[in-house]
Amino acid sequence: MKKVVFLFDGQGAFKPGIGRELYAKYQMAKEVIEHSSSILNYDLKKYIWGEEASKTSSLTSVDQPAISVISLAYAEILKEMVFPVVSL
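In my numbering, each residue carries its 1-based index in the sequence shown increased by 180.
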């Protein structure tokens with residue numbers, strides 16, 4: 181069996197609303213986003229879906245973690261559903 185590794189560069193284009201459907205549909209996404217918010221010491225949802233979302237793309241301190249967290253949520257969902265992962 182082939183082994184899978186997910187690699188994230190932490191870069192990308194931020195769009196307000198990123199990951200909203202994931203959060204609504206998958207418990208694992210909720211857990212990743214909530215846990216990440218507690219580590220970051222701010223409510224990530226506020227910056228990616230709330231009033232602050234339109235300003236987030238100009239805040240590297242928020243948009244880069246948001247992109248990474250949503251990428252991690254996708255990876256965790258895929259890991260849970262499909263792939264035997266070697267490293268994350």
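Each residue gets a CB set at the ideal place from its N, CA and C atoms; glycine is no exception.
Asked	Found
Whole-Å CB distance - V212 paired with E256, under 8 Å assumed	6 Å
As assigned by DSSP and simplified to three states, the class of V242	helix
Rounded C-alpha distance that separates A193 from P245	12 Å
Which of helix, strand or coil DSSP assigns to V184	strand
Reference V249, options L224, S238, L239, closest by Cα	L224
First through last residue of the alpha helix (DSSP H) which encompasses Y203	200 to 205
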